[in-house]
Amino acid sequence: MLPEDLLLLFVDERTGHALAGAEAVGNALGGAMVIELVHSGRLAYDPNGKQLLTSGGRPSPNPFLEESLNRLGAPLTPRRAVQRIRNHVRDNVMTGLQARGILALRQQVFGGFMILDPAAVSEVRTAVGSVLFGHRAPDARSGALISLLHAVKAVHKVFEGDKHELAARAKQISDGHSPAVVAIHAAVAAEMVVATVAATSEGKFLR
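Per my numbering, residue 44 is the first one in the sequence shown, and the count goes up by one each step.
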């Protein structure tokens with residue numbers, strides 16, 4: 044599932060620490076779940092392409108996917124969808140990865156992980172990295188993951204390399220993706236702007 048792959052990208056393979064802050068991870072995972080719902084046929088865009096609607100497709104066997112869908116109360120914009128489910132997606136994804144024996148929380152604190160299956164983490168990182176660095180063409184999954192990392196300005200935190208070159212490559216991949224992913228990328232990026240402004244204002248107030 045896309046959100047699970049995304050969370051694995053946010054984990055440092057050497058230390059088990061999260062490579063981005065809670066706001067970035069939460070918003071990106073919310074976006075990943077919305078994309079997963081669209082790709083699975085459980086959500087669809089209205090004729091104007093601005094709002095998401097429940098499509099009435101066959102229920103997914105994944106209970107977390109259906110739980111997220113039930114929280115949305117469509118129709119709603121991609122940005123509102125991300126807002127509604129981001130906090131729940133993180134915990135559900137963590138539960139799923141732990142049940143599969145891939146990842147566990149260290150002392151129940153999100154941001155510090157025990158990697159139980161290093162091969163699974165490396166597999167995702169290698170697959171997405173090969174696209175980011177131009178070794179193979181983007182597919183729907185890798186392109187969506189790179190787009191979400193780019194939306195929260197975390198590409199250079201997840202992959203080593205020149206920050207500006209990585210951002211330029213990620214933008215190129217994001218811009219060439221499907222309209223659904225482009226819209227959700229914009230929604231996640233907008234939420235990160237709000238979070239950054241709020242954090243900056245709070246810091247000024249405290250000083």
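Glycine included, each C-beta is placed from N, C-alpha and C at the ideal position. Since this is a predicted model, take the numbers as computed values, not measurements.
Item to check | N-terminal and C-terminal residue of the alpha helix (DSSP H) that L254 is part of | outcome: One cannot answer for residue 254 here, as it falls past the ends of the chain, which runs 44 to 250.
Checklist entry - Where does R101 land, buried or exposed, given buried means 16+ other C-beta within 10 angstroms? => result As a working mapping, residue 101 is identified with position 58 in the sequence shown. Exposed is the call here.
Checklist entry - Of all Cβ atoms in chain B, is any one closer than 8 Å to the Cβ of P161? => result In the displayed structure, chain B is absent; only one protein chain is listed.
Checklist entry - Taking three-plus beta-carbon pairs below 8 Å as touching, is the region 45-54 in contact with the region 125-145? => result Yes, since at least three Cβ pairs between the region 45-54 and the region 125-145 fall closer than 8 Å, the two stretches touch.
Next on the checklist: Here's the rule I'm using: 16 or more other beta-carbon atoms within 10 Å means buried, otherwise exposed. How should G73 be labelled?
Outcome noted: Counting from one through the sequence shown, the residue named residue 73 turns up at place 30. With 16 or more other Cβ atoms inside 10 Å of its own Cβ, G73 counts as buried.
Checklist entry - With 16 other CB atoms within 10 Å as the buried threshold, where does R212 fall? => result On the sequence shown, residue 212 is found 169 positions in, with the first residue counted as 1. Looking at its Cβ environment, which holds 16 or more other Cβ atoms inside 10 Å, R212 is buried.
Checklist entry - Rounded to the nearest angstrom, how far is the Cβ of L52 from that of V171, given a contact under 8 Å? => result Translated into positions along the sequence shown, residue 52 becomes position 9. Translated into positions along the sequence shown, residue 171 becomes position 128. 6 Å between Cβ atoms; contact.
Checklist entry - Between I78 and A187, is the Cβ-Cβ spacing less than 8 Å? => result The residue you call residue 78 lines up with position 35 of the sequence shown. The residue you call residue 187 lines up with position 144 of the sequence shown. In this structure, I78 sits near A187, with a CB-CB distance shorter than 8 Å.
Item to check | First through last residue of the alpha helix (DSSP H) which encompasses L192 | outcome: In the sequence shown, counting from the first residue as 1, residue 192 sits at position 149. 183-194 is the extent of the alpha helix (DSSP H) around L192.
Item to check | DSSP three-state assignment for I145, whether helix, strand or coil | outcome: Numbered from 1 along the sequence shown, position 102 holds the residue referred to as residue 145. Residue state, collapsed to three classes: coil.
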